[in-house]
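Number of protein chains: 4
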Amino acid sequence: MTNTQVTLVQIDNYGPWTVTPEPRREVDLQTLQSRLYADLSQLVGNREGYVFFTRFDNMIAVTNGLDTAAHSLIQESVRNRYPVTVSFGIGVHESPAVALGQATDHLQDAGSAQDSGRTEILRGEPLPESARTEEDVSLAHFDVNDATGKYTDQLNEFDTFIHIEQGYAELMRYMRRAHDALSFFVGGDNVIAVCPDITAEEYADACEHVREAVGVDLKVGVGTARTAQDAGMAAKHALERCRREGTAVEFDR
Amino acid sequence: MTNTQVTLVQIDNYGPWTVTPEPRREVDLQTLQSRLYADLSQLVGNREGYVFFTRFDNMIAVTNGLDTAAHSLIQESVRNRYPVTVSFGIGVHESPAVALGQATDHLQDAGSAQDSGRTEILRGEPLPESARTEEDVSLAHFDVNDATGKYTDQLNEFDTFIHIEQGYAELMRYMRRAHDALSFFVGGDNVIAVCPDITAEEYADACEHVREAVGVDLKVGVGTARTAQDAGMAAKHALERCRREGTAVEFDR
Amino acid sequence: MTNTQVTLVQIDNYGPWTVTPEPRREVDLQTLQSRLYADLSQLVGNREGYVFFTRFDNMIAVTNGLDTAAHSLIQESVRNRYPVTVSFGIGVHESPAVALGQATDHLQDAGSAQDSGRTEILRGEPLPESARTEEDVSLAHFDVNDATGKYTDQLNEFDTFIHIEQGYAELMRYMRRAHDALSFFVGGDNVIAVCPDITAEEYADACEHVREAVGVDLKVGVGTARTAQDAGMAAKHALERCRREGTAVEFDR
Amino acid sequence: MTNTQVTLVQIDNYGPWTVTPEPRREVDLQTLQSRLYADLSQLVGNREGYVFFTRFDNMIAVTNGLDTAAHSLIQESVRNRYPVTVSFGIGVHESPAVALGQATDHLQDAGSAQDSGRTEILRGEPLPESARTEEDVSLAHFDVNDATGKYTDQLNEFDTFIHIEQGYAELMRYMRRAHDALSFFVGGDNVIAVCPDITAEEYADACEHVREAVGVDLKVGVGTARTAQDAGMAAKHALERCRREGTAVEFDR
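Protein chains in written order, with the UniProt record's numbering: chain A, 1 to 253; chain B, 1 to 253; chain C, 1 to 253; chain D, 1 to 253.
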């Protein structure tokens, strides 16, 4: 049974900061957001977690393996190197969406995202070492079948992008509604979903739904492990097996 | 009348690279993609252009002001600092989507995105200096009304994210279909669209459509200038005017 | 008694790479070198170590706490994100210079720094967990007395720089000769030395030597701990005590 | 005749910032300093200039081609992305050291480097476009003969480093005293000097002096052009000619 530790990362008071005293140059905001995300990806990734860029001012991470001290050090590192600070809410639950709900509550209870007095919050209980198992994190790595052949090499890039977006939007809503899973576009034609235990048949249903709803053809590799890093790498390898054997759903075990 | 110069940026042979000889660590791929985007944002932004991350392996830029030499230098800078190289296709047209179509054709004519022999393509004719005017680039900066109050401080972050995504997906399809415009989510609750000339009434219709279709309330500031940098900053200021005066659509002129 | 684990980091085949097929743009090489150093600083720093930029193509790190697996992961992360790869040699000894000698031997035995066939070497035995103590790493943080008042606010910046350089060069040679210590300029007017056990009187002698030889006045804070991170922070606090109490040498214990 | 535009870059109030409220983690300071330098290298380099890291809190740049507006935009970009701000002093003179003296005076007149009220100064007159020539910037690129064979593959890395440092220190003092030139270590075994007009014989004397004083053998390529970028690339090519033909001094013309 999964036991996902989710951390919600929120940049403190970001909206007001971007327009004070005057609106700041967009290219600098994009650079700041992307590099902060890249650094968090490394800081969390070096401790076996995964971070998804989500909305950039709010990011969602799978942090099984990171305790309170690790979260605190990451906050400190951001404070030392960026003109903004970040708040963290942590939740743990079999259901990723419920875990995220707990994480969100912690931040909302502390104050608004645009309350200049609310900074560097760190709340929530990480999963204790003694309670961790090899089944805690389950990640599903989806990609679009033959995206390059069907889209990238044929359509105007924006129309390819619209197709990928439609596929992602359908999948994200379906997985949230049917399984309480959280799905994230990670570039190219790839989506990684943070899931509870889901059967092969249920994954096949999800792909079928997306094919029928928007005409986008997906395949998926699934990995389950103690950490996001291991579950994610297992999912990538399972996806390669789909590619080699022409199957639609593959598990790492 | 607008005359948008669009550059399509494509990482050469990226799909195969990410899984050769074995699938590479996801956190490193995320870091690589984000930092490459951040660097391109600076390289293009320092020449008055804008870059949108789009799918990360394919990025769309508004490059009025960058000639062939500038594109070539940017390519060289990427080659010197990254383990991948990039190809550029350039198009120019009143309609942003048509300009992107030209840019895409240039790359597709040169070969597949996954053809290892196709690298560092640079094709297309930038807008000559003598043909440039103060009306060339029109950018519309949309944001969601009271996103923090309605969503961020109330809902589970993923459900806030789903709302913002739905709003973006509706807007992107509508603007593409109705106006040949290209819309990009840029973080938070913000979308920037690259547009041809559109009237205030037509912008109001776009916001109305999104409100009726998915219940997301938008406001928009519009700027037109010689470069993306100037048009974008004008759009930001127009958006601030919406905020101050409670209006839904504001132009910089 | 100290037991310093030193890792020598060497960029593989860098000299030839910088001029093949043609000399590469200096600003890009500077950007590449600095960012690689910054990333290694984070990767090693997140595991309680320190990295010194040294010559940029060769960097020296204090890596107590990093085992072979951690070194391997850092190598992999660099390979995934940079156009170059790195080799690591690891040595452990009471004397930092001897530890570095062992580390260097490991790399030299494997082949020349410019041998294109020698890449991603990883040799040497990290200090086993069971053998680690709270005395393993001793760091001394030197800075120049009133550098801002005496130099920065008075002289032409290059002449200030020459003074700081002379102070550093004298200190580095003295500490190497007298104590087998490795000293590194870390910016501003600061030097951090990796030392064996040295008495307060010996530190005072070192400062006296530099004052007599080149007229540069130093003070120093010393910290000893299980890791570079902890020893370094203790040294910083000791240096603050020098500042507050007007002393020249302070220890953390 | 040269006409060097030198900009002194100083991080505002950095010393106090690094220890307030408590001393900050060294690895984060190193990361911040290196990345700020890398970004300035790109921002200035994209406008044909060069930046040298010097002391990191004080950096020296050759900025022929950058006007006041360009300096201002770079300051703004740093403010938008870093937790610190920078001040600029600009000087122009045939002699690089005199130009730097003017630049330094501008900052010193405005207030101390550690005066928290002195931020984002921008003073000094850039070289007007009409006064620029193809002879304005002269750069000499030195490197150590067979550093890899003699040192890197033979000695303990720190002892190699000491040799390179000694060679650099001797060269920097000699070039400053004899020619008012500013010399900077740029990694590996390379030094780039910003010079006034110097003859081949005088460069040979400089190398001879360093050989006699500290036993380090140098060769040098010299380039002169309108900008640092062009002069520097010409110097690199001249250095390659030294390598191919076994000479000690080569000019690009």
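We treat Cβ as the ideally placed atom computed from N, Cα and C, and that holds for glycine. All of these numbers come straight from a predicted model, not from anything done at the bench.
Exercise. Sorted by chain position, which residues of the same chain lie with C-beta nearer than 8 Å to L127 (chain C)'s C-beta, five sequence neighbours on each side aside?
Worked result: One-based indexing of the third sequence puts residue 127 (chain C) at position 127. The answer, listed in chain order, is N3, Q5, N64, V92, D136.
Exercise. Straight-line CA distance for G45 (chain D) to V51 (chain B)?
Worked result: Here residue 45 (chain D) refers to the residue found at position 45 when the fourth sequence is read from its first residue. Here residue 51 (chain B) refers to the residue found at position 51 when the second sequence is read from its first residue. Roughly 20 Å between the two C-alpha positions.
Exercise. For A200 (chain C), which of C:S41, C:D143, C:K219 has the nearest alpha-carbon?
Worked result: Translated into the one-based positions of the third sequence, residue 200 (chain C) becomes position 200. For A200 (chain C), the nearest C-alpha among the options comes from C:K219.
For this session: In angstroms with no decimal places, state the Cα-to-Cα distance between F251 (chain C) and E245 (chain C).
Result: Taking the third sequence and counting its residues from 1, one reaches residue 251 (chain C) at position 251. Taking the third sequence and counting its residues from 1, one reaches residue 245 (chain C) at position 245. Their backbone Cα atoms lie some 13 Å apart in a straight line.
For this session: Compare the C-alpha of Q75 (chain C) against each of C:L43, C:E129, C:V186 and name the closest.
Result: Taking the first residue of the third sequence as position 1, residue 75 (chain C) is located at position 75. Of the candidates C:L43, C:E129, C:V186, the one whose C-alpha sits nearest the C-alpha of Q75 (chain C) is C:L43.
For this session: Using a Cβ-Cβ cut-off of less than 8 Å, give me the residues of the stretch 50-67 of chain D that come near chain C, in sequence order.
Result: Y50, V51, F53, T54, R55, F56, D57, N58, I60
For this session: Could you name the residues of the same chain whose beta carbon sits closer than 6 Å to that of S116 (chain C), not counting the 5 residues immediately before and after it, in chain order?
Result: Walking along the third sequence from the start, residue 116 (chain C) turns up at place 116. Hits under 6 Å: N13.
For this session: Tell whether a beta-carbon distance below 8 Å holds between Q33 (chain D) and A113 (chain D).
Result: The residue you call residue 33 (chain D) lines up with position 33 of the fourth sequence. The residue you call residue 113 (chain D) lines up with position 113 of the fourth sequence. Not a contact, by the Cβ cut-off of 8 Å.
Problem set entry | Inter-residue Cα distance where the pair is C242 (chain C) and R176 (chain D) | Within the third sequence, residue 242 (chain C) is the residue found at index 242, counting from 1. Within the fourth sequence, residue 176 (chain D) is the residue found at index 176, counting from 1. Looking at the two C-alpha atoms, the distance is approximately 34 Å.
Exercise. Could you give the uninterrupted runs of the beta strand (DSSP E) lying entirely in the stretch 116-163 of chain C, keeping only those of 3 residues or more?
Worked result: For the stretch 116-163 of chain C, whole beta strand (DSSP E) runs of length 3 or above, ordered along the chain, are 137-144.
Exercise. If you compare alpha carbons, which of B:G149, B:E94, B:M172 is closest to M1 (chain B)?
Worked result: Taking the second sequence and counting its residues from 1, the one referred to as residue 1 (chain B) is at position 1. The shortest C-alpha separation from M1 (chain B) is found at B:E94.
For this session: Check whether the Cβ of S41 (chain A) lies closer than 8 Å to any Cβ atom in chain D.
Result: Position 41 of the first sequence, counted from the first residue, corresponds to residue 41 (chain A). No, S41 (chain A) does not count as interfacial toward chain D.
Problem set entry | Reference A169 (chain B), options B:N156, B:I192, B:D28, B:K150, closest by Cα | By one-based count along the second sequence, residue 169 (chain B) stands at place 169. The shortest C-alpha separation from A169 (chain B) is found at B:I192.
Exercise. Given N145 (chain A), which residues of its chain have a CB within under 8 Å of its CB, disregarding the five upstream and five downstream residues?
Worked result: As a first step, residue 145 (chain A) must be located in the first sequence, where it is residue number 145. Contacts found: D217, L218, K219.
Problem set entry | Helix, strand or coil at T224 (chain D) [DSSP, three-state] | Working through the fourth sequence from its first residue, we reach residue 224 (chain D) at position 224. Reduced to three states, the DSSP call for T224 (chain D) is strand.
Exercise. Got a sec? Which residues, its chain only, sit under 8 Å from G232 (chain B) by beta carbon, not counting five neighbours each side?
Worked result: In the second sequence, the residue the question calls residue 232 (chain B) occupies position 232. Contacts found: Y50, L139, H141, I192, G223.
Exercise. Under the DSSP definition of a beta bridge, which residues are partnered with Y50 (chain A)?
Worked result: Here residue 50 (chain A) refers to the residue found at position 50 when the first sequence is read from its first residue. Paired residues: A:V62.
Problem set entry | Simplified DSSP state of Q30 (chain C), which is helix, strand or coil | To locate residue 30 (chain C), count along the third sequence from 1; it is residue 30. Helix.
Problem set entry | Amino acids of chain D, ordered along the chain, whose beta-carbon sits closer than 8 Å to that of R35 (chain C) | On the third sequence, residue 35 (chain C) is found 35 positions in, with the first residue counted as 1. The answer, in chain order, is S34, R35, A38.
Problem set entry | Proximity test, Cβ basis, 8 Å: G124 (chain A) and chain B | For the purposes of this step, residue 124 (chain A) is identified with residue 124 of the first sequence, where counting begins at 1. Judged by the 8 Å Cβ criterion, G124 (chain A) is not in contact with chain B.
For this session: For the alpha helix (DSSP H) containing A181 (chain D), list its first residue and its last residue.
Result: Start at 1 with the first residue of the fourth sequence, and residue 181 (chain D) comes out as number 181. Taken as a continuous stretch (DSSP letters only), A181 (chain D) belongs to no alpha helix (DSSP H), as it is neither H nor E.
Problem set entry | Beta-carbon contacts of T119 (chain A) that lie in its chain and below 8 Å, excluding the five residues immediately before and after | On the first sequence, position 119 is the one that residue 119 (chain A) refers to. Closer than 8 Å at the Cβ level, and outside the excluded window around T119 (chain A), lie D12, N13, T85, S87.
Exercise. So, is the C-beta of Y82 (chain B) closer than 8 Å to a C-beta in chain C?
Worked result: Residue 82 (chain B) sits at position 82 when you count from the first residue of the second sequence. Yes, Y82 (chain B) counts as interfacial toward chain C.
Exercise. With which residues is A193 (chain C) paired in a DSSP beta bridge?
Worked result: Mapped onto the third sequence, residue 193 (chain C) falls at position 193. According to DSSP, which records beta bridges pairwise, A193 (chain C) is partnered with C:A140, C:S183.
Problem set entry | Proximal residues, the stretch 146-178 of chain D versus chain C, C-beta separation under 9 Å | A147, T148, G149, T152, D153, Q154, L155, N156, E157, F158, D159, T160, F161, I162, I164, E165, Q166, Y168, A169, M172, R173, R176
Exercise. What is the rounded straight-line gap between the Cα of D197 (chain B) and the Cα of A99 (chain B)?
Worked result: Counting from 1 along the second sequence, the entry for residue 197 (chain B) is found at position 197. Counting from 1 along the second sequence, the entry for residue 99 (chain B) is found at position 99. One C-alpha to the other measures close to 15 Å.
Exercise. Helix, strand or coil for I74 (chain C) per DSSP?
Worked result: In the third sequence, the residue the question calls residue 74 (chain C) occupies position 74. Three-state DSSP puts I74 (chain C) in a helix.
Problem set entry | Residues that DSSP places opposite K236 (chain B) in a beta bridge | Indexing the second sequence from 1 puts residue 236 (chain B) at position 236. Answer by DSSP bridge pairing: none, since K236 (chain B) is not bridged.
Problem set entry | Beta carbon proximity, residue 303 (chain A) to chain C, threshold 8 Å | Because chain A here runs from 1 to 253, residue 303 (chain A) falls outside it and cannot be looked at.
For this session: Quick one: which residues of the stretch 218-230 of chain B get their C-beta closer than 8 Å to a C-beta of chain A? List them in chain order.
Result: Against chain A - using a Cβ distance shorter than 8 Å - the residues of the stretch 218-230 of chain B are Q229.
Exercise. With respect to the beta strand (DSSP E) encompassing E202 (chain B), which residues constitute its N-terminal and C-terminal limits?
Worked result: Taking the second sequence and counting its residues from 1, the one referred to as residue 202 (chain B) is at position 202. First-last for E202 (chain B): 200-214, but that is the alpha helix (DSSP H), not the beta strand (DSSP E).
Exercise. For R25 (chain B), which residues in chain C fall below 8 Å Cβ to Cβ?
Worked result: Sequence index remark: in the second sequence, residue 25 (chain B) carries index 25 (1-based). By Cβ distance, chain C contributes E76, S77, N80.
Exercise. Can you name the residues of chain A whose CB is closer than 7 Å to the CB of V186 (chain B)?
Worked result: For the purposes of this step, residue 186 (chain B) is taken as the residue at position 186 of the second sequence. Result: Q30.
Problem set entry | Simplified DSSP state of G188 (chain D), which is helix, strand or coil | For the purposes of this step, residue 188 (chain D) is identified with residue 188 of the fourth sequence, where counting begins at 1. Here G188 (chain D) sits in coil by DSSP.
Exercise. What is the DSSP secondary structure of V44 (chain C), counted as helix, strand or coil?
Worked result: The residue labelled residue 44 (chain C) in the question sits at position 44 within the third sequence. Note: V44 (chain C) maps to helix in three-state DSSP.
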